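Protein chains in written order, with my numbering: chain A, 37 to 514; chain B, 793 to 1453.
Here's the structure, in structure tokens; my notes come after.
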């Protein structure tokens, strides 16, 4: 039994987020006029930023606190960093958008903080209970912000669909958790590992399947992806960015932690599930995106595909594979946020537009943005020497090392198919007759796009820090 | 000096080719022409030194080219009598053609290019004749092919010129294929491509068998036949002759250069150069004789009825090349080269004369529209007459010495060989035909009434090489720069035979040729041809005179006879007019199947199978899959939930059925 101060010291970011969220909620309720945002978003960014900085405080060997419910390790800090970056950038992107769409209510940043808090707890979860707690905290906040534009039919529909299906997935997850508890007699992930002891019976596998189905829903991998396109399209764009970035980080993080910590001896079993959903996701992401005309919807399928690629690394089940996934997620996060920054720059007059055809001839109306967005697309397609190529290279390499040749080959083939729709956007930007030009984007949005582009373009010159950090994080997981 | 002879034209080509645009046409002309003149003068000096004088044969080595295992090839110039004879022929004709072109092409906008090509061609030809090994010879051989392609297609805006250029290139390629195989075989047999080594090894290879296509064949025969295949292509022999008449699409000086003096004689030169090999392959020599005789006869028959002035001369060239091969085939290598030598003068003269006529007629080439030109262009008329006399073998002109000697040699061979009989008969008949069509050309062009109908349409059709004569449509004599070459060639056509006959084929044979040509111990053709009955010696003259008189009767004394004869034998006439239907036949046998095959592979193989199953097919399937997948996204909540449950059910079933391992 460790003293509570020690436990709090190892969960400082969570503490800051929890306190900050409540404080900002009070501030909003009592000070904000008409429920408007006022300065809550800026404060929220500061809180999230503080939490991010605290990740670098007191880093050391892994420590389990709160009666074995919460783990503080390098892997957790790495993934929390990614999730926090996603949250911070989401708020940066939302500032201007929310105001223009007249939904700049102070609850939004508070909900983002709460969701982020859920993510952080999820990432650090070391028991099935804390896992579920974090997942639900995150999900409940996400359900609300998906429908945040409540006067908008599509946003409401998106929120409702997400909520209904999310409930179903939570049910599956709980069912799986209870099965696991029934067979292992413990909710601790390490306890489960000890109870299974390398020999999985069918009951444990059932539990595993249901748990992974619930988590797959959050990762939005096939066949648990169906909500993704509708929600991505219907939700306000910054919320979509949040779904595509921070939420994905947390979901993948806990999936990796679950299978690696609780099922270390039965890699062959969970690998089959991951290969199954991975191949389906890569294929569906590649094929379905081709048919899209709405760029948010396209990004939904793109993220499905990318999750499939990331899981290729996890399917390898090795430390190298986990490192590949971490690198992949980092680069994917950068590309996604950059792309959504570009999407948020697509404003004609007072209207945000989302059609791919609205990008036509962008090279002639806004050459800089055209260049940056094209860099994003090429990177998402995995064209060397952009970062997206190295992301894929890491996970495919891990799969090859684990002798998963068919998986790697299918992955490469699917990335070829996926190339098509990314390149088509580049083609539309550069070769089609110009559509009406976009208004000037807010400085924050432009800055995100520029920073993300530069990171993506110049990653290959300085991949060392990311590689080292990911390697350390992966090592701490095993 | 020898290096200078060979490389000055290359220098000219590089200067005119690289800087012609900035230099302008006139300097380009002057540079290339003067370099060629120097080269020609040096060639004559070399000729006097090596051929007539006592200077020894030499092979200055310029450097190593390929060193790969047993294959060692050097750049070297083989200088002996055969080479210097060819040097003289090539450089002389070439420099006269350069000079003539200054006048003939003076209105063409791309003269630098033209002169660059001419010089390139000359260089390649010189490379060919000075080669010291088969590969270097092949280099020149291909260079000549390239330059001829460029020159025939010089007016590339004309589809017919492009077609002719491609045809020349492709037909030559067939021959080159054989030549290359021959070179490979020589290397396989002797382990070398250098002439000295090959020639030394040749006697030892006589009678050696090689095994090909499941049968044994005489090695030397196969080699020589393959090599001769190359010669047939380059020298437009029967079956591979079709490109030569079409090559008349090029500018007339090109016709003179390629089809009189140089490129087409490459085959003759090659056989003569490789005489030590051919001497070991009597079967191949018989084949050479038969092909030569057939060509001589066949081309002459076609020449009888052609109406295009340049085509008549082109078929005449083809026919004369046949004579040369007959000479080579019966073992008279020097005889063949001698005819090559004299033929170069009078055929270049005829071509350039024809060019002058065409120039005078504002690019009209149809003889039926000419007539009575002797008063308008008397000098050209005189020169053409000289050329015709020489070609038909009028006594003491160039052709008299060389062509009649070939016929005599054929007769000498016919005493002991069936091929000789064949060759003798055909060459004699062809001599009569030659006389007839040559005089026919002269009579139709220069005698009779004026058929000149100056219609502007005809002029406009040839507007491309319009020489800008304004509105003066009367035939006119060509400028001096074109007449000087004619005069020089006329001089050569008259006296080349008289002066050199003794050296080439007579008593001066040994001192002249030294060791450049090889004759086997049993080869006494040069003596045998002098020991034939005296009556045979008159046969060519009789044929010549007969041809002349017949032409005189048909075209001057009783004009209209030709039409009556043609009407009386419509089948024969059309057969000849259509060149024995060779083009149609080849079109049917080779061109159309090739196109068909190409189209099959293009449309069927590439389009339908590779594109269809590859890029196009895959992208079409991708679109299909996409459409189906997109339709899955119905928007209904219960579908979505159903998909999730199906997914879980599938995974569970997977483990239930497959078991947990």
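We put the beta carbon where it would ideally sit given N, CA and C, even for glycine.
Only a predicted model underlies this, so the values are computations on that prediction, with no experimental measurement involved.
Per DSSP, the bridge partner or partners of residue i
i	result
residue 866 of chain B	B/856
residue 224 of chain A	A/163
residue 383 of chain A	A/388
residue 402 of chain A	In the DSSP output, where bridge partners are listed per residue, residue 402 of chain A has none listed.
residue 1009 of chain B	B/1002
residue 768 of chain B	No answer is possible for residue 768 of chain B: the residues shown for chain B start at 793 and end at 1453.
residue 141 of chain A	A/72
residue 106 of chain A	A/101, A/161
Spatially closest choice to residue i from the options, by CA coordinates
i	options	result
residue 1117 of chain B	B/1424, B/1346, B/1099, B/1077	B/1077
residue 1012 of chain B	B/1386, B/799, B/908, B/1074	B/1074
residue 1440 of chain B	A/505, A/312, A/245	A/245
residue 959 of chain B	B/944, B/1283, B/970	B/944
residue 1280 of chain B	B/846, B/1175, B/1200	B/1175
residue 344 of chain A	A/411, A/261, A/329, A/423	A/261
residue 789 of chain B	B/971, B/1362, B/1387, B/801	One cannot answer for residue 789 of chain B here, as it falls past the ends of chain B, which runs 793 to 1453.
residue 189 of chain A	A/266, A/253, A/206, A/125	A/266
residue 60 of chain A	A/70, A/443, A/136, A/142	A/142
residue 138 of chain A	A/73, A/194, A/81, A/94	A/73
residue 1414 of chain B	A/486, A/469, A/454, A/140	A/454
residue 210 of chain A	A/86, A/171, A/386, A/486	A/171
residue 491 of chain A	A/120, A/288, A/367, A/43	A/367
Distance between residue j and residue i (C-alpha atoms, nearest Å)
i	j	result
residue 1322 of chain B	residue 1335 of chain B	20 Å
residue 1457 of chain B	residue 1087 of chain B	The requested residue 1457 of chain B is not part of the displayed model; chain B covers only 793 to 1453.
residue 380 of chain A	residue 479 of chain A	12 Å
residue 1434 of chain B	residue 202 of chain A	13 Å
residue 803 of chain B	residue 838 of chain B	20 Å
residue 415 of chain A	residue 932 of chain B	53 Å
residue 935 of chain B	residue 941 of chain B	10 Å
residue 1325 of chain B	residue 1200 of chain B	10 Å
residue 1304 of chain B	residue 1083 of chain B	29 Å
residue 1409 of chain B	residue 406 of chain A	32 Å
residue 378 of chain A	residue 212 of chain A	40 Å
residue 198 of chain A	residue 1427 of chain B	12 Å
residue 149 of chain A	residue 263 of chain A	23 Å
residue 1104 of chain B	residue 1233 of chain B	8 Å
residue 58 of chain A	residue 47 of chain A	17 Å
residue 856 of chain B	residue 985 of chain B	14 Å
Residue i burial status per 10 Å Cβ neighbour count (16 or more: buried)
i	result
residue 163 of chain A	buried
residue 504 of chain A	exposed
residue 995 of chain B	exposed
residue 1450 of chain B	exposed
residue 964 of chain B	buried
residue 1001 of chain B	exposed
residue 1431 of chain B	exposed
residue 1330 of chain B	exposed
residue 1071 of chain B	buried
residue 412 of chain A	buried
residue 1394 of chain B	exposed
residue 1267 of chain B	buried
residue 307 of chain A	buried
residue 1208 of chain B	exposed
C-beta neighbour in chain D for residue i, strict 7 Å
i	result
residue 334 of chain A	Annotation note: the requested chain D is absent from the structure, which comprises protein chains A and B.
Just checking, does the region 917-928 of chain B make contact with the region 866-876 of chain B on the three C-beta pairs under 8 Å criterion? yes
Whether or not the region 1194-1202 of chain B and the region 1051-1069 of chain B are in contact is what I'm after, with contact meaning three or more pairs of Cβ atoms, one per stretch, closer than 8 Å; do they touch? no
Please determine if the region 177-189 of chain A and the region 213-231 of chain A are in contact, where contact requires at least 3 C-beta pairs separated by less than 8 Å. no
The region 1206-1219 of chain B contacting the region 1125-1137 of chain B, beta-carbon criterion three pairs below 8 Å: no
Quick check: the region 1088-1102 of chain B against the region 1227-1235 of chain B, are there 3 or more CB pairs under 8 Å? yes
At least 3 beta-carbon pairs within less than 8 Å: the region 897-906 of chain B vs the region 812-826 of chain B: yes
Measuring CB atoms only, is the region 1160-1172 of chain B touching the region 1305-1319 of chain B, in the sense that at least three cross pairs come out at less than 8 Å? no
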